[in-house]
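Below is one structure, written out as structure tokens, with a few remarks after it.
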Amino acid sequence: MRVLPKANPLYEKISANKIVIPDVLKKLGNGGFTGYIHYSAPEFEFYGIFAKGKLLSAVSNHDGLDKTGFEALVLLFDKVVSGGGEIDVYRMTPDLTVCAHALALGIRLIDGEEVRQVDIKGILARLKGQGTNGVVRFYTPERSAMIFYKDGQPIGFYYDGAGSIDSSSDESRKIAALPGARVEICSTKALEELMQYDLLQMVNLQKLWETAKSRNTPQRPKEAAAPPPSFSTISEQNLLELVDDISEVAAAYLSREGRVLVEKRIKELGGPSQLLDDAKRTLFLAQIEADAVASDAHARIDEMMDLMKSEIVGRLAV
């Protein structure tokens, strides 16, 4: 997981048990916040990067595995509900937010090569010539330093333990010169392009939160005489909510086209009530998967289908 600069804190080490995380995300959005929110728990981290109130990206890491976007938010809510953890919020300028995005989700131009084996001067000249937005990070197991770039020009420096963004490259040079020091360089798009995406407008945070609470609430033991739940007793309202949940998932991965595909297939199926039939439900999921591949073969279709199946099982088991 990437480590972002911890400068200009708004909140630090706030117990996640004391807040409602969807409300925090909404307030940051409505308040035009620029910077990032960080959540940490054992074996889990989450970063949400904002610019002018828009959630540009969300990335989580659990046991070394990264997830992004919609799925990162799902994992965040599950973890907060089940494990507590701590929240930090750091302000940034819009230009530094772009650099934070590069650290979290940017393209790796160089990924951990030894400094002594790299033509640093030549690479920095190339970054300038290409007008790169991103970060150059020098590091050892004990130390780390970052140089932030906008349009190929350095706009600030940060090293581990610093309380602010520095204007001097001295510490970066020292760390780059340490024995065994390595370098990574990451880049991303300009702010104007990144701000065309707002995850807060693509997902229903309250629904995700309620679903996470439902998934992580211990079920009371059933009485011995009580019959098992029957799909045939599911209310029409629950079925409509299920379709809406599935549509939310599809839209998160395929944009508006995802919602259209779900509505089309539900209509062809004969309505939401047909999801109660095992065979028809299996057919519906197979059709959606095929439609998704045809719509965007590069989308994370497997993740999308897993989340849909989870929503269906959770809703129909209520």
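In terms of my numbering, the sequence shown opens at residue 686 and continues consecutively.
We put the beta carbon where it would ideally sit given N, CA and C, even for glycine.
Alpha carbon of residue i to alpha carbon of residue j, nearest angstrom
| i | j | result |
| --- | --- | --- |
| T719 | D962 | 47 angstroms |
| A911 | L924 | Residue placement at A911 cannot be trusted, given a pLDDT of 43 that sits under 50; what the coordinates show is reported in the next sentence. Looking at the two C-alpha atoms, the distance is approximately 23 angstroms. |
| M990 | L970 | 8 angstroms |
| T967 | N889 | 26 angstroms |
| A964 | I986 | 21 angstroms |
| A830 | A862 | 11 angstroms |
| T782 | L884 | 16 angstroms |
| L939 | G865 | 43 angstroms |
| Q802 | K764 | 41 angstroms |
| V705 | K712 | 11 angstroms |
| Y834 | A984 | 30 angstroms |
| V978 | G733 | 28 angstroms |
| E996 | G754 | 17 angstroms |
| L758 | R941 | 19 angstroms |
Neighbourhood of residue i by C-beta, 6 angstroms cutoff - its chain only, sequence neighbours within 5 removed
| i | result |
| --- | --- |
| P694 | Y775 |
| P690 | Y843 |
| K806 | none |
| S854 | F842 |
| N715 | none |
Residues near residue i in its chain [Cβ-Cβ closer than 8 angstroms; skip 5 each side]
| i | result |
| --- | --- |
| P957 | E921, L924, L925, L927, V928 and I951 |
| S932 | G943, R944, V947 and E948 |
| I860 | F823, Y824, T825, R828, S829, A830, Y844 and A866 |
Counterpart residues of residue i in DSSP-defined beta bridges
| i | result |
| --- | --- |
| P694 | Y775 |
| C784 | None; C784 has no bridge partner. |
Local conformation of residue i per DSSP, three classes
| i | result |
| --- | --- |
| A743 | strand |
| T967 | helix |
| R985 | coil |
| A830 | strand |
| Y882 | coil |
| I704 | coil |
| I850 | coil |
| P727 | coil |
Residues of its chain near residue i, where Cβ-Cβ distance is below 7 angstroms and the 5 sequence neighbours each way are ignored
| i | result |
| --- | --- |
| E798 | R867 and V868 |
> Can you find at least 3 beta carbon pairs, one from the stretch 785 to 792 and one from the stretch 862 to 882, that sit closer than 8 angstroms?
Replying inline: Cβ pair count under 8 angstroms is three or more, so yes.
> If we count Cβ pairs, one from each stretch, closer than 8 angstroms, do we get three or more for the stretch 716 to 731 versus the stretch 754 to 768?
Replying inline: The answer is yes - the stretch 754 to 768 touches the stretch 716 to 731, with three or more Cβ pairs under 8 angstroms.
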